Each structure stands twice: as C-alpha cells, then as structure tokens.
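Notes follow the structure.
In the working numbering, the protein residues as written are 115 to 511.
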C-alpha cells in the first residue's frame with residue numbers, strides 16, 4: 115500500500131534525511147536507534163498517557179462551531195489545542211521528548227522558539243522534571259513575544275536572545291544547533307516542529323499524532339464516523355499540521371488543506387510562504403523546500419506570526435505537496451488578522467496568530483453543505499494581544 119509516512123531511511127519521498135556535522139553524527143545515530151524502541155515501550159506509553167491526561171489536560175475538546183458552520187456552509191468542528199496546558203499543542207511534543215531524554219540519560223535540555231509557545235512548553239516540562247533548560251529565541255521575537263519570554267524565565271529557563279540574521283526562528287535554530295555541537299554528550303535538543311534531521315520530523319509527528327487519534331474517536335462519538343471530509347491546519351515547520359493529519363495521511367477520502375504565511379503577499383518580498391516560493395535544498399539537517407536565492411543563500415522570511423516565520427517546511431509536508439496529496443493556501447497578514455477577529459466574534463474564541471492563518475483559508479475554499487470539516491486551533495491568542503490591539507485600533511476605531 116502506498117504511504118506518505120517516513121521510510122526506514124528517514125525520507126518522505128525525496129525529502130528528509132539527516133544532513134549533519136560530523137560532531138553530531140553519534141548523537142543523531144543514538145537518537146535514531148532509541149526513539150522507536152522508547153516510544154513503543156509500555157513504560158513510556160503509560161507515563162506519557164498519564165501526563166497527557168492529568169498534566170496537559172487531554173483529550174482536548176472537538177467543538178462544533180455552529181455560527182462558523184452557518185457562515186461557510188459546512189459542518190465545522192474546531193480541535194481545541196488552545197485549551198492544552200501552556201496554551202498550545204507544543205506541550206504534547208515536549209512532554210514526550212523530555213521522557214525520551216531522561217531515558218537516554220541526558221541532563222541538559224536546549225530548544226529553539228519563534229512565537230515562544232515551544233519555549234514555554236519546553237521550560238514547563240524542564241521545571242516538571244527538574245532539568246536545566248536553555249532556550250534560543252531571535253531578538254525580534256523576544257521583543258514581540260515578551261510575555262512568553264517572562265513565562266520562560268519564571269519557569270527557570272535561561273532565554274538567550276539571538277542577534278544574527280533576521281533575529282527570528284531560523285536564527286534561533288542555527289544557534290541551538292551550534293550549542294548542540296558544543297555539548298553533544300549531555301545535551302538533548304528538543305526540536306519544536308517537524309523539521310531537522312531524521313528522526314525529528316517523524317518523532318515530533320508521532321508525539322503530536324494524539325491530535326488525530328482523538329479526532330477519530332471524537333468524530334465517531336459525535337457524527338457516527340471516524341473521518342472528516344476535510345482537515346485544515348496552519349503550517350510553519352508543521353507540527354500541529356502533522357499531528358492533525360497523522361492518522362489520515364494515507365486515507366484519500368480526506369482532503370488535506372495547509373495554510374502557510376503569505377506575509378505582506380507572495381510577491382512582496384516579505385513572505386514566509388515556503389511551499390509556494392521555496393526550492394529544493396537543505397536547511398537545519400533535512401532536505402526539503404527552502405526559500406533561497408540563486409546562490410542557495412537562505413532568504414529571510416517574514417510573517418506577522420512569529421511561529422510561522424520560517425524559511426523551510428517539514429519534509430513530510432514538502433512531500434505531500436510534491437505528491438499532490440495536500441493543498442497549500444497562502445494567507446497574508448491582513449487575512450489572518452481578519453480571520454482571528456471573525457472567530458472571536460462568531461464563537462468567542464481568541465486564537466493564536468498561527469491558528470488564524472488556518473482560519474484565513476475558509477473564504478478561499480468551496481464547501482458542500484453536508485461536508486464534515488475539522489480545523490485545528492493550534493494555540494490561544496494571549497501572546498498575540500499586542501498585534502490584535504494594534505489591528506483593532508486601526509480597523510475598528
């Protein structure tokens with residue numbers, strides 16, 4: 115049977131792999147050997163499930179959005195990852211990875227973060243497990259996500275502002291990899307998305323697959339069938355999208371729609387629409403689609419959303435697009451901001467700017483009246499209130 119999942123060599127079609135400096139070769143090999151054995155062990159499964167239930171607050175609700183359904187002419191459910199502990203789906207992954215790190219005997223945790231949700235989720239589980247935590251964050255993001263920076267510090271993490279490049283997620287990831295090269299023996303790098311060398315894309319997708327597992331169970335209970343007609347999620351690196359589609363990726367009955375950040379417009383030179391603008395290349399240890407110039411130099415991405423401001427894309431998503439399994443729509447800043455206010459006013463839910471990009475696809479899609487749609491609200495909007503207040507003052511006053 116044809117599958118869009120990773121193969122035994124760490125590739126999704128022609129994308130993926132592990133392109134790493136020699137100093138990290140042993141670390142990555144050790145991780146490749148350990149991750150499936152640990153994730154499939156009964157002791158891990160029990161501890162992970164217990165923490166997801168009692169600490170994270172899973173299962174997250176699958177909410178029937180009545181007014182949104184009426185507006186767009188379909189049966190629209192929202193998967194409420196914004197209600198997870200720390201306010202986003204990121205915690206599903208950090209809980210799993212820190213349990214793996216402990217079983218591998220690592221004592222020091224590093225992470226990169228853009229919007230700060232992965233940084234907060236990493237700092238949270240490090241506090242829970244009493245482990246040292248260092249988070250790299252671009253200086254631009256430190257300034258626009260200052261609340262999350264304060265949360266990380268309150269949780270005991272060291273936050274290191276990165277001043278190279280555009281001072282955003284790409285640059286934070288570069289610095290985290292440099293740190294890992296300097297401390298390969300005792301350090302575990304918790305990557306927050308389906309990016310990086312194999313096995314990270316597959317490992318993160320597996321840990322986030324609790325989302326699609328719950329969607330199956332919840333749809334069966336609410337609708338009498340365990341699959342939707344359409345799944346929608348935002349994609350930067352791609353972790354919430356990978357988790358949303360995991361159990362449906364090979365089910366051709368389900369239409370997959372991914373929303374990427376159009377920034378100020380695809381042709382504006384200020385965009386993070388990697389799938390539309392990217393070409394095949396290598397970034398942060400994986401072969402995927404990359405925003406780059408003719409000389410192969412990385413182009414600086416831009417989005418109003420710090421979590422989508424990345425010049426690459428997870429190899430799983432690059433392959434889905436190449437194989438025409440998924441449809442990708444670019445949503446620009448204004449469309450995302452408008453969609454956030456629409457959800458707030460129709461359903462009383464303030465989404466993260468990342469999730470607002472998924473919502474921004476709705477006017478671009480033709481739905482049937484009985485079409486069953488699930489859209490993942492990957493995070494809540496607390497961290498983005500400065501952007502929302504600015505937009506509100508410009509538009510509504």
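Think of the CB as a built atom: it goes at the ideal place given N, C-alpha and C, for glycine as much as any other residue. Since the structure is predicted, the reported quantities are computational estimates derived from the model, not experimental observations.
When the alpha-carbon of residue 252 is set against those of 288, 204, 219, 271, the nearest one is in 288. Across the set 186, 153, 177, 173, the C-alpha of 186 shows the shortest separation from the C-alpha of residue 478.
Within the segment 153-215, the runs of beta strand (DSSP E) that reach at least 3 residues and sit entirely inside it are, in chain order, 176-178, 189-194. Looking at the backbone, the Cα of residue 257 and that of residue 202 are separated by about 20 angstroms.
Within the same chain, Cβ atoms closer than 6 angstroms to the Cβ of residue 237 are found at 247, 266, 269, 271, the five residues on either side in sequence being excluded. If you look at residue 504, you'll find it in the alpha helix (DSSP H) that goes 499-509.
Given a length threshold of 4 residues, each whole run of the alpha helix (DSSP H) inside the segment 346-434 is given here in chain order: 353-359, 388-391. DSSP places residue 252 inside the beta strand (DSSP E), whose first and last residues are 246-252.
The beta-carbon distance between residue 384 and residue 416, rounded to whole angstroms, is 4 angstroms. This is short enough to meet the 8 angstroms contact definition.
Pairing residue 245 with residue 221 gives a Cβ-Cβ distance under 8 angstroms. Counting C-beta atoms within 10 angstroms of its own C-beta, residue 160 has fewer than 16 neighbours from the protein chains shown and is therefore classed as exposed.
DSSP links residue 130 through a beta bridge to 125, 401. The residue from 345, 129, 119 with its alpha-carbon nearest to that of residue 394 is 129. The continuous beta strand (DSSP E) containing residue 225 extends over residues 222-227. In the three-state scheme derived from DSSP, where H, G and I count as helix and E and B as strand, residue 334 is classed as helix. Considering only 284, 485, 292, 333, the residue with the shortest C-alpha distance to residue 404 is 284. Under the rule that a run must span 4 or more residues, the alpha helix (DSSP H) segments found entirely inside the segment 463-488 read 467-473. In the DSSP assignment, residue 321 is bridged to no other residue.
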